[in-house]
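Asks: Residue numbers (the numbering used here): 26 to 242.
We put the beta carbon where it would ideally sit given N, CA and C, even for glycine.
Predicted, not measured: the structure shown is a model, and the values here were computed from it.
Next comes the structure, spelled out in structure tokens:
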């Protein structure tokens with residue numbers, strides 16, 4: 026869904042056709058979230074929420090925040106933790122909405138979810154039912170680890186569930202803190218001795234985007 030021309034410009038750099046670049050351009054599949062590391066415990070990172078709203082909605086559009094509950098087969102549609110992001114959405118002249126069809130469904134599987142496949146199935150079914158035609162589903166996920174250090178990536182189950190629900194998969198965006206052209210990571214922890222398995226240092230959030238296709242007459 027195209028943005029209104031009156032919307033604030035998202036945080037990216039543009040250059041004229043004849044300009045020479047001193048460093049590589051950040052591709053559109055990366056959203057810069059600022060320079061500080063992301064809070065790994067935050068279910069609704071504000072820079073990502075604002076960017077998604079500006080990219081995929083217009084002023085006056087209806088937006089719903091959804092977060093899978095910790096128990097199986099349930100969705101917590103309006104958890105208390107949405108007060109802050111809903112306030113940010115209202116400041117952007119959109120309508121945080123909890124009933125009826127919506128133009129943007131923002132779903133968070135952060136900080137992590139014990140059953141990503143089950144959560145993905147629930148979210149896709151909800152989006153298929155409650156997104157207006159031409160509406161967008163945005164799912165925030167992050168890789169996690171098993172107790173033995175195995176990396177688990179929820180992206181696959183989310184994409185498969187969306188496609189099974191007849192949603193059009195638009196793409197995968199990496200939201201990450203960047204200083205100039207360098208990714209900002211958390212401070213490294215120095216361990217003198219450790220028997221735990223090596224772990225991937227996760228500094229980004231995966232943003233998965235789907236479209237509710239318009240039906241033909």
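Checking 8 Å against the spacing of the C-beta atoms, do residue 231 and residue 180 come in under that value?
Replies: Taking a C-beta distance under 8 Å as the contact criterion, residue 231 and residue 180 qualify as a contact pair.
Asks: Which residue or residues does DSSP assign as beta-bridge partners of residue 124?
Replies: The partner list for residue 124 (beta bridge, DSSP) is empty, contrary to what the question assumes.
Asks: Is residue 181 helix, strand or coil by DSSP?
Replies: helix
Asks: What's the gap between the Cα of residue 169 and the Cα of residue 142?
Replies: 14 Å
Asks: Should residue 93 go down as buried or exposed, given a rule of 16 or more other Cβ atoms within 10 Å for buried?
Replies: buried
Asks: Looking at residue 111 and residue 130, is the spacing between their C-beta atoms short of 8 Å?
Replies: no
Asks: Taking the C-alpha atoms as reference points, what is the distance between residue 157 and residue 116?
Replies: The alpha-carbon atoms of residue 157 and residue 116 are separated by roughly 22 Å.
Asks: Whole angstroms is fine: what's the gap from residue 201's alpha carbon to residue 155's?
Replies: When rounded, the distance between both Cα atoms is 29 Å.
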